[in-house]
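Protein sequences appear in the order of chains A and B. If you count the first sequence from 1, position 29 lands on 29 in our numbering, and the numbers rise without skipping. If you count the second sequence from 1, position 62 lands on 160 in our numbering, and the numbers rise without skipping. Glycine residues also receive a C-beta, built at the ideal position from the N, C-alpha and C atoms.
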Amino acid sequence: MNTADSIAAKLAVLSPLHLDILNESHMHAGPATESHFKLVVVSAEFDGKRPVARHQRVYQLLAEELTGPVHALALHLYSPQEWQDATVPPSPQCQGGH
Amino acid sequence: MDIMQVIKDQIESNDILLYMKGSPNQPMCGFSARTVQAVMDCGQKFAYVDVLSNPDVRTNLPVYANWPTFPQLWVNGELVGGCDIVTEMHAKGELKPLLEQAVSA
């Protein structure tokens with residue numbers, strides 16, 4: 001199973017109404033091809049939760065990936081209501097550090 | 099000193115503290131660059147730690163913070179978030195008042 005598939009499998013517990021998993025590793029330095037990901041997740045579970053708590057929930061679910069191949073994870077986490085008028089910002093380009 | 103104590107001291111003794119890769123003038127990662135720009139836009143003095151030149155902090159802060167990646171913005175001893183949260187708060191106009199309040203507290 002590739003990294004994107006295992007991320008999708010672990011996030012299934014959030015019952016996402018919308019889930020995007022973008023592999024952005026090509027935008028960054030280094031040889032890894034599964035290092036940088038951007039996730040867009042819409043889940044009712046995020047409703048009423050502060051941003052830090054939402055991110056920590058996802059980090060907890062993906063702890064294995066984050067100690068393994070995944071080096072950077074951009075998270076855009078929305079409740080269903082917020083998602084109705086959300087615009088997801090683009091990720092930054094690499095600046096050389098690792 | 100124990101590294102966890104060093105981290106605790108850094109977080110407790112700086113009202114606004116950014117853990118980042120590189121320095122504000124020369125960020126070494128696009129996520130750090132974007133975050134430090136948002137913080138600088140708010141016009142308050144802030145402290146920073148370059149985790150690339152402090153490997154002990156880089157290894158241990160994620161455990162301390164329950165937050166696996168950098169940058170990390172800490173305000174008045176609390177984790178505000180990383181790049182996505184900080185830039186989103188800045189876009190909504192929420193970051194400036196938070197930082198202003200932090201230094202006057």
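Along chain B, in chain order, which residues have C-beta atoms closer than 8 Å to that of A74(A)? Correct list: F129, C181 and D182.
Please classify G96(A): is it buried, with 16 or more other beta-carbons within 10 angstroms of its beta-carbon, or exposed? By the neighbour-count rule (16 or more Cβ atoms within 10 Å), G96(A) is not buried but exposed.
By a C-beta neighbour count over all protein chains shown, 10 Å radius and 16 as the cutoff for buried, is R54(A) buried or exposed? That one is buried.
Please state whether DSSP places F144(B) in a helix, a strand or coil. Three-state result, F144(B): coil.
Just checking: is the beta-carbon of G97(A) within a distance shorter than 8 Å of some beta-carbon in chain B? Yes, contact with chain B.
Beta strand (DSSP E) containing L177(B): first to last residue? Where L177(B) is concerned, the enclosing beta strand (DSSP E) stretches over E176 to G179.
Counting only C-beta atoms, is M99(B) closer than 8 Å to chain A at any point? With 8 Å as the cut-off, M99(B) does not count as an interface residue toward chain A.
Can you tell me which of the three DSSP states W83(A) falls into? Three-state DSSP puts W83(A) in a helix.
For N112(B), count the other beta carbons within 10 Å of its own beta carbon; 16 or more makes it buried, fewer makes it exposed. Which is it? Residue burial annotation: N112(B) is buried, with at least 16 other C-beta atoms found within 10 angstroms of its C-beta.
Alpha carbon to alpha carbon, what distance is there between K38(A) and S91(A)? Between the C-alpha atoms of S91(A) and K38(A) there is a straight-line separation of about 8 Å.
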